[in-house]
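Here is the structure we will look at, set down as structure tokens.
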Amino acid sequence: MSVISVNTSEDIDKKISMLTSGYHTDRSTMIQNLIDIGVQQKMIEYALEQYDKKKVSLGKAAEIAGVSIREMLDILNEKDITLHISKKSVLSDFEAAVQ
147 MSVISVNTSE DIDKKISMLT SGYHTDRSTM IQNLIDIGVQ QKMIEYALEQ
197 YDKKKVSLGK AAEIAGVSIR EMLDILNEKD ITLHISKKSV LSDFEAAVQ
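First residue of the sequence shown: 147, per this note's numbering; consecutive thereafter.
The structure is reproduced here in structure tokens:
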């Protein structure tokens with residue numbers, strides 16, 4: 147595990163203290179949890195951006211985001227992002243499923 151030093155605003159510091167107290171945990175654990183949540187959210191945003199620009203496939207976007215393809219489909223639907231899928235891809239997936 148590496149050490150990260152971050153300067154925060156007084157407002158953020160107060161919010162972290164409130165969460166730490168409310169969840170009855172220590173400051174370090176709370177900050178680690180908040181970083182995990184933030185990184186996961188940014189990975190999803192990045193995957194969506196790459197998918198929307200047609201730089202990655204649905205499967206690759208799901209992999210980047212760390213979610214299943216089903217979850218990625220749900221996220222795309224939530225964000226109103228058009229599903230990019232070709233006839234060739236559908237036929238290939240269908241043939242693989244049949245075998």
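Beta carbons are placed, not taken as given, at the ideal position from N, Cα and C, and that holds for glycine.
Checklist line | Contacting residues, own chain, Cβ-Cβ under 7 Å from MET176 (five flanking each side not counted) | finding: Take MET176, set aside five residues on each side of it, and the residues of its chain with a beta-carbon closer than 7 Å to its own are ILE162, LEU165, THR166 and TYR169, in chain order.
Margin query: Once the 5 residues before and after LEU180 are set aside, which same chain residues still bring their CB inside 8 Å of it?
Written below: Closer than 8 Å at Cβ, skipping near neighbours: ILE162 and LEU165.
Notebook entry, point to check: Between the Cα of LEU219 and the Cα atoms of VAL152, VAL244 and ALA193, which residue gives the shortest distance?
Noted result: Out of VAL152, VAL244 and ALA193, ALA193 has the C-alpha closest to the C-alpha of LEU219.
Margin query: Give me the residue from LEU204, GLU156 and GLN187 with the minimum Cα distance to SER232.
Written below: Ranking the options by Cα distance to SER232, first place goes to LEU204.
Checklist line | Cβ-Cβ distance between ALA211 and MET189 below 7 Å | finding: Taking 7 Å as the cut-off, the beta carbon of ALA211 is found closer than this to the beta carbon of MET189.
Check: Where does LEU237 land, buried or exposed, given buried means 16+ other C-beta within 10 angstroms?
Finding: The residue in question, LEU237, is exposed, as its Cβ has fewer than 16 Cβ neighbours within 10 Å.
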